[in-house]
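S.K.:
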Amino acid sequence: MTFKNLNIIDPILKALEQEKYVTPTPIQQQAIPLILKGSDVMGCAQTGTGKTAAFAIPILQRLANTPEKQPNAIRTLILTPTRELAIQISDNFTSYGTHMKLKHTFIFGGVSQFHQIKTLKKGTDILIATPGRLLDLMQQREVDLSHLEIFVLDEADRMLDMGFVHDVKKVVASLPQNRQTLFFSATMPDTIKKLAEKILKNPAYVSVDPVSSTAQSITQSVYFVEKNDKEKLLATILDEEGISRSLVFTRTKHGANKLVDKLTKKGITAAAIHGNKSQNARQKALEDFKLNSLRVLVATDIASRGIDIDELPHVVNYDLPNIPETYVHRIGRTGRGGKKGTAVTFCSTEEKSDLKNIEKLIGVRLTVSTV
Ligand code: AMP
């Protein structure tokens with residue numbers, strides 16, 4: 002199976018070749034033909050499965066193949082929960098659409114709206130937005146969605162987790178009825194199914210991997226270690242296993258800051274990203290990490306959602322998440338696109354019940370490691 006078999010048009014094929022994509026991933030194989038023919042789609046896929054390209058590629062193709070009804074109108078809206086995700090989706094559109102004339106831009110909160118409005122005024126075909134800022138700009142009449150053709154709700158489960166449900170409903174209520182809707186979520190709890198039933202029309206269902214499964218390419222193990230010894234264990238693992246870059250998850254913002262201080266004192270370059278950090282600080286930490294000038298990026302769950310770093314081989318669950326699905330999201334940062342990854346979990350006595358719940362969800366007992 003190739004992208005050509007999926008009837009992808011030449012300018013996109015050329016871009017995919019430059020990206021070195023050879024074979025469509027399973028979610029792409031399933032979703033692309035459905036989206037191209039105009040169906041509503043409900044997709045169940047976790048990050049790392051190629052989900053973004055699964056909607057971005059056919060959207061570019063549909064927009065290129067149908068003439069615009071209104072010059073400069075927004076034709077596609079992608080709603081996503083975090084700024085980091087908005088930027089990443091935008092980067093994907095830049096890559097896949099590099100040989101096309103379609104314009105895209107993103108808007109999100111936490112930064113001045115001035116430049117966002119300026120860009121919007123120039124006209125955009127594809128708008129990638131977080132819900133709060135979108136509603137703000139809609140109320141200010143800076144965003145007009147009345148000519149929308151395609152609506153994508155990305156990471157719907159996280160959107161609800163983050164308390165965006167009312168915002169999402171408000172946005173949906175303002176969209177034209179006659180549109181194509183694509184809905185993606187890593188997990189499908191009942192609340193998500195109900196929301197989907199309301200906004201999708203006769204959707205086709207696509208799903209890759211059972212919701213709870215973790216990618217086969219990830220080696221998972223657990224160290225039983227008490228809270229106060231975790232930092233020493235982390236330094237030991239990084240050194241002994243010669244790990245040049247690791248994404249480390251803590252449960253709290255405070256815990257993330259504390260760990261960064263301790264690692265820095267040990268001479269390990271580290272920075273934290275979490276909700277209390279400014280947008281600029283988060284972007285800078287992410288860039289430094291991508292450029293290899295940081296060895297450890299410490300993240301909390303919400304800030305980390307959607308982080309897409311090519312070749313990220315190592316993830317550490319410094320604290321165990323108390324929601325088992327979060328474990329699946331976290332370790333989905335590694336082993337992307339079939340590459341090999343390692344996920345290490347530090348479990349203290351108090352966290353053993355969390356570990357049990359995770360193992361129950363993923364149906365795997367983690368291998369116990371010792372140093
Ligand atoms: P996503 O699930 O959208 O976060 O994508 C995960 C990663 O897989 C990203 O780094 C994409 O660039 C990459 N990717 C997506 N589709 C393909 C493909 N068909 N072949 C190789 N890599 C891909």
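Numbering (the numbering used here), first residue to last: 2 to 372. Glycine is no exception: its CB is placed at the ideal position from the N, C-alpha and C atoms.
1) Let me make sure I understand the geometry here. Which of D191, L128, L37 and V144 has the alpha-carbon closest to that of F152?
2) Would you report the Cα separation of L183 and K341, rounded to the nearest angstrom?
3) Does at least one heavy atom of the ligand AMP sit under 7 angstroms from the Cβ of D311?
4) Please confirm if the region 271-284 is in contact with the region 229-238, defined as three or more CB-CB distances below 8 angstroms between the two stretches.
5) Is P1 a contact residue of the ligand AMP, with contact defined as CB to any heavy atom under 7 angstroms?
6) Would P27 and V317 be called neighbours here (beta carbons separated by less than 8 angstroms)?
7) Can you tell me whether N73 is helix, strand or coil according to DSSP?
8) Determine the closest residue to L248 out of K267, T301 and E242, with distance taken between C-alpha atoms.
9) Nearest-angstrom Cα distance between E241 and E288?
10) Cα separation between A157 and T48?
11) Quick check on the DSSP output: the alpha helix (DSSP H) that includes Y328 runs from which residue to which?
12) Give me the DSSP bridge partner(s) of A272.
13) So, is T368 buried or exposed, given that buried needs 16 or more other C-beta atoms within 10 angstroms?
14) With which residues is V316 paired in a DSSP beta bridge?
15) Classify K52 as buried or exposed, calling it buried when 16 or more other Cβ atoms lie within 10 Å of its own Cβ.
16) To which residues of the same chain is S349 closer than 7 angstroms at the C-beta, ignoring the five residues directly before and after it?
17) Roughly how many angstroms separate the alpha carbons of V223 and P204, rounded to a whole number?
18) DSSP beta-bridge partners for A130?
19) So who's on the other strand from S370, going by DSSP bridges?
20) With a 10 Å radius around its C-beta and 16 neighbouring C-beta atoms as the bar for buried, classify S91 as buried or exposed.
21) Taking the straight line between their C-alpha atoms, what separation do you get for S279 and L135?
22) F4 by DSSP, collapsed to three states: which one?
23) Would you list the residues sitting across from V1 in a DSSP beta bridge?
24) Let me know the secondary structure DSSP gives Q141 once reduced to three states.
25) If we ignore side chains and look at the alpha-carbon of each, how far apart do F36 and F56 end up?
26) Can you tell which of Y328, I324 and K267 has its C-alpha closest to the C-alpha of R296?
M.R.: Taking the structure as given:
1) L128
2) 30 angstroms
3) yes
4) Counting Cβ pairs under 8 angstroms, fewer than three are found: no touch.
5) For residue 1 there is no data in the structure shown, the boundaries of the chain being 2 and 372.
6) Contact flag unset, no.
7) coil
8) T301
9) 26 angstroms
10) Computed Cα separation, rounded: 12 angstroms.
11) P325 to I332
12) L298
13) exposed
14) L248 and A344
15) buried
16) Contacts found: V226, E227 and K228.
17) Taking the straight line from one Cα to the other gives about 40 angstroms.
18) L80 and I108
19) Paired residues: none, contrary to the question.
20) buried
21) About 19 angstroms.
22) Coil.
23) Outside the shown range of the chain, which is 2 to 372, sits residue 1, and nothing can be said about it.
24) The answer is coil: DSSP assigns Q141 none of H, G, I, E or B.
25) Note that residue 36 is Ile in the sequence shown here, rather than Phe. Going from the Cα of I36 to the Cα of F56 covers about 7 angstroms.
26) K267
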